[in-house]
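*Asks:* The sequence shown lines up with residues 1 to 650 when you count with the numbering used here.
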Amino acid sequence: MATTEHPPSRLRGWMLQGLSDMGKRGGLTGPHAEPEPPHRGQRWWRVMCLTGVDYFSTLGYQPGIAALAAGLLSPLATIVLVVVTLAGALPVYRRVAQESPHGQGSIAMLERLLSFWKGKLFVLTLLGFAATDFLITITLSAADASTHLVENPHLTATLGGHQMLITLILVALLGAVFLKGFLEAMGVAVALVGIYLALNLVVVITGLWHVLTAEHVVTDWTNALTVQHGSIFAMIGVALIVFPKLALGLSGFETGVAVMPHVQGDPGDTEEHPAGRIRDTKKLLTTAAVIMSCFLITTSFITTLLIPAAEFKPGGQANGRALAFLAHEYLGNAFGTVYDVSTIAILWFAGASAMAGLLNLMPRYLPRYGMAPHWARAVRPMVIVFILIAFLVTWLFDANVDKQGGAYATGVLVLISSAAIAVTIAARKAGQRGWTIGFGVISAVFLYTTVANVIERPDGVKIGACFIAGIMLVSLLSRLARSFELRVTSVAMDPMAERFVRDMASRKIRFIANEPDNRDRAEYRDKIEQIRTDNDMPEQEDFVFVEVTVADPSEFETCLTVRGEVLHNRYRVLTVESSSIPNALAALLLHVRDLTGRTPHIFFEWTEGSPFANFLRFFLFGQGEVAPVTREVLREAEPDRARRPRVHTG
Numbered sequence: 001m002a003t004t005e006h007p008p009s010r011l012r013g014w015m016l017q018g019l020s021d022m023g024k025r026g027g028l029t030g031p032h033a034e035p036e037p038p039h040r041g042q043r044w045w046r047v048m049c050l051t052g053v054d055y056f057s058t059l060g061y062q063p064g065i066a067a068l069a070a071g072l073l074s075p076l077a078t079i080v081l082v083v084v085t086l087a088g089a090l091p092v093y094r095r096v097a098q099e100s101p102h103g104q105g106s107i108a109m110l111e112r113l114l115s116f117w118k119g120k121l122f123v124l125t126l127l128g129f130a131a132t133d134f135l136i137t138i139t140l141s142a143a144d145a146s147t148h149l150v151e152n153p154h155l156t157a158t159l160g161g162h163q164m165l166i167t168l169i170l171v172a173l174l175g176a177v178f179l180k181g182f183l184e185a186m187g188v189a190v191a192l193v194g195i196y197l198a199l200n201l202v203v204v205i206t207g208l209w210h211v212l213t214a215e216h217v218v219t220d221w222t223n224a225l226t227v228q229h230g231s232i233f234a235m236i237g238v239a240l241i242v243f244p245k246l247a248l249g250l251s252g253f254e255t256g257v258a259v260m261p262h263v264q265g266d267p268g269d270t271e272e273h274p275a276g277r278i279r280d281t282k283k284l285l286t287t288a289a290v291i292m293s294c295f296l297i298t299t300s301f302i303t304t305l306l307i308p309a310a311e312f313k314p315g316g317q318a319n320g321r322a323l324a325f326l327a328h329e330y331l332g333n334a335f336g337t338v339y340d341v342s343t344i345a346i347l348w349f350a351g352a353s354a355m356a357g358l359l360n361l362m363p364r365y366l367p368r369y370g371m372a373p374h375w376a377r378a379v380r381p382m383v384i385v386f387i388l389i390a391f392l393v394t395w396l397f398d399a400n401v402d403k404q405g406g407a408y409a410t411g412v413l414v415l416i417s418s419a420a421i422a423v424t425i426a427a428r429k430a431g432q433r434g435w436t437i438g439f440g441v442i443s444a445v446f447l448y449t450t451v452a453n454v455i456e457r458p459d460g461v462k463i464g465a466c467f468i469a470g471i472m473l474v475s476l477l478s479r480l481a482r483s484f485e486l487r488v489t490s491v492a493m494d495p496m497a498e499r500f501v502r503d504m505a506s507r508k509i510r511f512i513a514n515e516p517d518n519r520d521r522a523e524y525r526d527k528i529e530q531i532r533t534d535n536d537m538p539e540q541e542d543f544v545f546v547e548v549t550v551a552d553p554s555e556f557e558t559c560l561t562v563r564g565e566v567l568h569n570r571y572r573v574l575t576v577e578s579s580s581i582p583n584a585l586a587a588l589l590l591h592v593r594d595l596t597g598r599t600p601h602i603f604f605e606w607t608e609g610s611p612f613a614n615f616l617r618f619f620l621f622g623q624g625e626v627a628p629v630t631r632e633v634l635r636e637a638e639p640d641r642a643r644r645p646r647v648h649t650g
């Protein structure tokens with residue numbers, strides 16, 4: 001009796017939009033996202049504005065954080081930051097763009113260096129820090145946007161005391177945009193960045209004018225510096241020490257590489273050799289770094305000289321909004337309100353850029369490792385998960401910009417340090433001794449900065465550790481839950497293998513699963529005799545051996561290439577390489593069934609040992625209790641018992 005499959009509900013279909021085979025049966029593959037439509041690309045400067053909503057928006061809070069961290073030395077410490085940016089982070093990510101032109105970033109470069117489970121665990125750790133970076137970008141940007149709203153003179157009386165609620169609403173609105181269906185609007189990004197930088201330029205020029213026309217301001221500052229630190233060498237030393245606290249100004253580089261696929265490049269670019277895209281991405285990174293460096297130096301200078309130190313502290317009017325304070329103070333509340341609106345808009349859109357980075361990064365790795373549920377390939381369920389986590393982070397940090405700075409800086413610095421190490425290894429493999437030494441020095445600088453930041457603000461590594469632990473726990477549970485899923489994406493047979501199968505199709509298709517040992521004549525002869533005896537079969541029945549060699553058991557999805565050979569002029573053998581023996585056998589049986597229209601049979605001998613220990617061997621190393629696991633994989637892949645290949649064990 002045929003069963004009628006009920007179509008999925010409209011809500012389920014809407015939530016899981018993008019899963020091409022969700023709910024389908026009988027296929028060999030797991031859920032795969034639909035291929036994205038071809039992207040024509042955009043000019044590099046327009047893509048720079050897209051990544052710039054994250055990078056440039058840090059001007060909303062970076063001068064205030066620098067003033068809190070370095071005090072009167074803020075301009076000098078910012079110069080150190082700029083030197084590290086232009087001489088360190090920029091060369092590193094220009095090389096990352098060259099080595100990873102499809103937006104995979106430094107994580108993919110490091111992934112290629114490590115194999116098996118240690119590579120997966122390393123990538124999961126980096127993903128934890130990446131999640132810290134992007135999620136704290138969302139919550140910190142929303143918190144700073146709410147600060148600009150609450151501190152606006154026209155709105156203070158109405159919104160005062162409601163910063164937490166406003167931050168949560170902004171985060172929720174961000175989620176609503178993605179749930180509706182988010183497309184990165186280059187035009188919106190260009191408009192926001194253009195207006196925001198223009199307004200900041202007005203504030204900087206006005207601030208510099210007041211500094212230059214009021215000579216005592218510079219004199220008072222230099223005198224105070226001399227009293228506090230004594231000599232220029234002491235000042236430089238202190239600036240180097242406090243530099244790690246300013247690491248927020250290094251954000252945006254990882255996003256800049258992630259958006260590489262949107263760069264148009266040259267008409268002659270190919271996916272294998274996108275020379276124009278690489279060149280224009282380097283322009284993007286360089287231009288953004290130079291613009292940001294100029295703004296960082298000038299804004300730290302005018303905010304330090306023109307704003308009283310007490311106003312930077314929690315509760316002060318310049319806390320988290322130093323440039324907005326100057327805009328209101330020197331250009332009036334009308335201009336200041338326009339500046340606030342622009343800042344709120346770009347900070348909110350910076351959260352959108354970070355969300356896009358999360359949605360691009362996590363599905364690229366976790367489902368491929370089998371370490372995410374089926375729905376992790378769909379955008380909307382992941383948006384809900386990330387927004388709920390953002391709510392929790394906002395509540396834990398009390399929607400406070402200063403409290404989140406440590407976690408944000410930790411995520412940024414770990415990613416930059418990993419990128420520096422990746423390009424150092426790449427340069428060494430390429431035999432580029434000069435670049436290897438240079439990138440090695442840069443790696444040492446960023447590693448020092450990361451360690452110093454962790455020691456100074458351990459809350460950052462704590463929240464990063466929470467993300468790492470969460471990702472690993474979810475990944476482990478997902479891998480366990482999907483243990484018996486058929487995860488072979490395709491099966492290809494060479495001519496000899498196809499000949500074996502078509503020859504057997506005229507009779508009954510019988511395979512023997514064999515663990516290759518010496519592969520001598522006695523091994524195959526004894527195996528056939530054992531199978532015949534265990535299953536009480538006549539001698540005239542013929543068999544084809546199947547031998548699976550486990551390559552990398554940590555891989556989840558795999559493609560099968562089946563090769564046929566005749567050993568000792570008598571025994572037909574199919575050989576396969578896979579990450580899992582049971583999955584390879586199940587996929588081969590289903591493929592043979594579909595190819596011939598006949599039901600294949602496969603014969604096993606029982607594996608000795610503890611069933612639990614054998615299951616662990618299967619989970620970790622792709623082998624173990626092969627017979628029952630093969631049958632279970634077939635049961636899940638083919639619900640119809642009449643069409644399911646037969647498994648025999650003696």
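Ideal Cβ placement from N, Cα and C applies to all residues, glycine included.
With a threshold of 8 Å, are at least 3 pairs of Cβ atoms found where one atom belongs to the segment 453-463 and the other to the segment 143-155?
*Replies:* Touching, no, given that fewer than three Cβ pairs across the two stretches are closer than 8 Å.
*Asks:* Tell me the DSSP secondary structure of Ala191 in three-state form.
*Replies:* Mapped onto the sequence shown, residue 191 falls at position 191. In the structure shown, Ala191 sits in a helix (DSSP, three-state: H, G or I).
*Asks:* Which residues share a DSSP beta bridge with Ser490?
*Replies:* Residue mapping note: residue 490 aligns to position 490 of the sequence shown, counting from 1. Cys559, per the DSSP bridge assignment.
*Asks:* Taking all protein chains shown into account, decide if Ser490 is buried (16 or more other Cβ within 10 angstroms of its Cβ) or exposed.
*Replies:* Your numbering for residue 490 matches position 490 in the sequence shown. Under this definition Ser490 is an exposed residue.
*Asks:* Evaluate contact between the segment 93-101 and the segment 301-316, counting only Cβ atoms and requiring at least three cross-stretch pairs below 8 Å.
*Replies:* Counting Cβ pairs under 8 Å, fewer than three are found: no touch.
*Asks:* Does the separation of the CB atoms of Ala654 and Glu99 fall below 8 Å?
*Replies:* Because the chain in this structure spans residues 1 to 650, residue 654 falls outside the shown range and cannot be described.
*Asks:* Between the Cα of Ser483 and the Cα atoms of Val633, Tyr55, Phe545 and Val227, which residue gives the shortest distance?
*Replies:* Translated into positions along the sequence shown, residue 483 becomes position 483. Here the closest residue by C-alpha is Val633.
*Asks:* Three or more beta-carbon pairs under 8 Å between the segment 464-473 and the segment 117-136, yes or no?
*Replies:* Flag = yes, the segment 464-473 and the segment 117-136 touch.
*Asks:* Do you know offhand how far Pro645's Cα is from Glu555's?
*Replies:* Numbered from its first residue, the sequence shown carries residue 645 at position 645. Numbered from its first residue, the sequence shown carries residue 555 at position 555. Going from the Cα of Pro645 to the Cα of Glu555 covers about 25 Å.
*Asks:* Using the Cα positions of Leu168 and Ala77, report the straight-line distance between them to the nearest angstrom.
*Replies:* Along the sequence shown, read from residue 1 onward, the residue named residue 168 stands at position 168. Along the sequence shown, read from residue 1 onward, the residue named residue 77 stands at position 77. Computed Cα separation, rounded: 33 Å.
*Asks:* Within a Cβ cutoff of 7 Å, which residues of the same chain sit near Pro600, ignoring the five residues on either side of it in sequence?
*Replies:* In the sequence shown, the residue the question calls residue 600 occupies position 600. Only Ile509, Phe511, Leu589, Val592, Arg593 and Pro645 meet the Cβ criterion.
*Asks:* Are Val218 and Leu305 touching if we call contact CB-CB under 8 Å?
*Replies:* Within the sequence shown, the letter at position 218 stands for residue 218. Within the sequence shown, the letter at position 305 stands for residue 305. It is a contact, given that the beta carbons lie within the stated cut-off.
*Asks:* Does Gly564 come out as helix, strand or coil in the three-state DSSP assignment?
*Replies:* Taking the sequence shown and counting its residues from 1, one reaches residue 564 at position 564. Of the three classes helix, strand and coil, the one that applies to Gly564 here is strand, per DSSP.
*Asks:* From Gly128 to Phe603, what does the alpha carbon distance come to, in whole angstroms?
*Replies:* In the sequence shown, counting from the first residue as 1, residue 128 sits at position 128. In the sequence shown, counting from the first residue as 1, residue 603 sits at position 603. If you take the alpha carbons of Gly128 and Phe603, they lie about 44 Å apart.
*Asks:* Determine the direct distance from the alpha carbon of Glu565 to that of Glu523, and round the result to whole angstroms.
*Replies:* Position 523 of the sequence shown holds residue 523. Position 565 of the sequence shown holds residue 565. The straight-line gap from Cα to Cα measures roughly 16 Å.
*Asks:* What is the rounded straight-line gap between the Cα of Ala356 and the Cα of Trp348?
*Replies:* Start at 1 with the first residue of the sequence shown, and residue 356 comes out as number 356. Start at 1 with the first residue of the sequence shown, and residue 348 comes out as number 348. Whole-angstrom Cα-Cα distance: 13 Å.
*Asks:* Throw me the rounded Cβ distance for the Ala659 and Asp54 pair, which I believe falls under 8 Å.
*Replies:* Absent from the structure is residue 659, since the part of the chain shown begins at 1 and ends at 650.
*Asks:* Might you give, ordered along the chain, the residues of its own chain that have their beta carbon closer than 7 Å to the beta carbon of Ser74, omitting 5 neighbours on each side?
*Replies:* Position 74 of the sequence shown, counted from the first residue, corresponds to residue 74. Within the same chain, Ser74 has close Cβ partners Ala66, Ala67, Ser300 and Thr304.
*Asks:* Can the beta-carbon of Leu560 be found less than 8 Å from the beta-carbon of Ser578?
*Replies:* The residue given as residue 560 occupies position 560 in the sequence shown. The residue given as residue 578 occupies position 578 in the sequence shown. Yes, the pair counts as a contact, with Cβ atoms nearer than the cut-off.
*Asks:* Span of the beta strand (DSSP E) holding Ile602?
*Replies:* Here residue 602 refers to the residue found at position 602 when the sequence shown is read from its first residue. Residues His601 to Phe604.
*Asks:* Any chance you could list the alpha helix (DSSP H) runs of at least 4 consecutive residues sitting entirely within the segment 461-526, in chain order?
*Replies:* Fully enclosed alpha helix (DSSP H) runs of 4 or longer: 495-504.
*Asks:* Please determine if the segment 395-407 and the segment 230-238 are in contact, where contact requires at least 3 C-beta pairs separated by less than 8 Å.
*Replies:* Verdict: no, contact absent.
*Asks:* I'd like the span of the alpha helix (DSSP H) that includes Arg572, first residue to last.
*Replies:* In the sequence shown, counting from the first residue as 1, residue 572 sits at position 572. Taken as a continuous stretch (DSSP letters only), Arg572 belongs to no alpha helix (DSSP H), being part of the beta strand (DSSP E) at Tyr571 to Ser578.
*Asks:* For Gly194 and Ala584, what's the separation of their Cα atoms in angstroms?
*Replies:* Here residue 194 refers to the residue found at position 194 when the sequence shown is read from its first residue. Here residue 584 refers to the residue found at position 584 when the sequence shown is read from its first residue. Roughly 55 Å between the two C-alpha positions.
*Asks:* Tell me the DSSP secondary structure of Val548 in three-state form.
*Replies:* Here residue 548 corresponds to residue number 548 of the sequence shown, with the count starting at 1. Three-state DSSP puts Val548 in a strand.
*Asks:* Rank Ser57, Val423, His328 and Val188 by C-alpha distance to the C-alpha of Ala108 and give the top, closest one.
*Replies:* One-based indexing of the sequence shown puts residue 108 at position 108. If we check each option's Cα against that of Ala108, Val423 comes out closest.
*Asks:* If you drop the 5 nearest sequence neighbours on each side, which residues of the same chain put their C-beta closer than 7 Å to that of Leu179?
*Replies:* Start at 1 with the first residue of the sequence shown, and residue 179 comes out as number 179. Contacts found: Arg380 and Val383.
*Asks:* When burial is assigned at 16 or more other CB atoms within 10 Å of the CB, is Pro639 buried or exposed?
*Replies:* For this step, residue 639 is matched to residue 639 along the sequence shown. By the 10 Å Cβ count, Pro639 comes out exposed.
*Asks:* Applying the criterion that 16 or more other CB atoms from any shown protein chain within 10 Å of the CB defines a buried residue, is Cys294 buried or exposed?
*Replies:* Counting from 1 along the sequence shown, the entry for residue 294 is found at position 294. By the neighbour-count rule (16 or more Cβ atoms within 10 Å), Cys294 is not buried but exposed.
*Asks:* In the DSSP output, what is Val47 paired with across the bridge?
*Replies:* Translated into positions along the sequence shown, residue 47 becomes position 47. In the DSSP output, where bridge partners are listed per residue, Val47 has none listed.
*Asks:* Count the other C-beta atoms from every protein chain shown that fall within 10 angstroms of the C-beta of Asn223, then say buried if there are 16 or more, exposed otherwise.
*Replies:* One-based indexing of the sequence shown puts residue 223 at position 223. So Asn223 counts as exposed.
*Asks:* Measure the alpha-carbon distance for Phe386 versus Leu174 and round it to whole angstroms.
*Replies:* In the sequence shown, counting from the first residue as 1, residue 386 sits at position 386. In the sequence shown, counting from the first residue as 1, residue 174 sits at position 174. Those two C-alpha atoms are separated by around 11 Å.
*Asks:* What are the boundary residues of the beta strand (DSSP E) that Val647 is part of?
*Replies:* Your numbering for residue 647 matches position 647 in the sequence shown. Note, Val647: beta strand (DSSP E), Arg646 to Thr649.
*Asks:* In chain order, what residues of the same chain lie with their CB nearer than 6 Å to the CB of Ala505, ignoring the 5 residues before and after it?
*Replies:* Residue numbering aside, residue 505 sits at position 505 when the sequence shown is read from its first letter. So the qualifying residues of the chain are Thr596 and Arg598.
*Asks:* In whole angstroms, what is the alpha-carbon distance linking Met48 and Thr213?
*Replies:* The residue you call residue 48 lines up with position 48 of the sequence shown. The residue you call residue 213 lines up with position 213 of the sequence shown. Each residue's alpha carbon lies about 35 Å from the other.
*Asks:* Distance, Cα to Cα, Val203 vs Gly64?
*Replies:* For the purposes of this step, residue 203 is identified with residue 203 of the sequence shown, where counting begins at 1. For the purposes of this step, residue 64 is identified with residue 64 of the sequence shown, where counting begins at 1. Distance between the alpha carbons of Val203 and Gly64: 15 Å.
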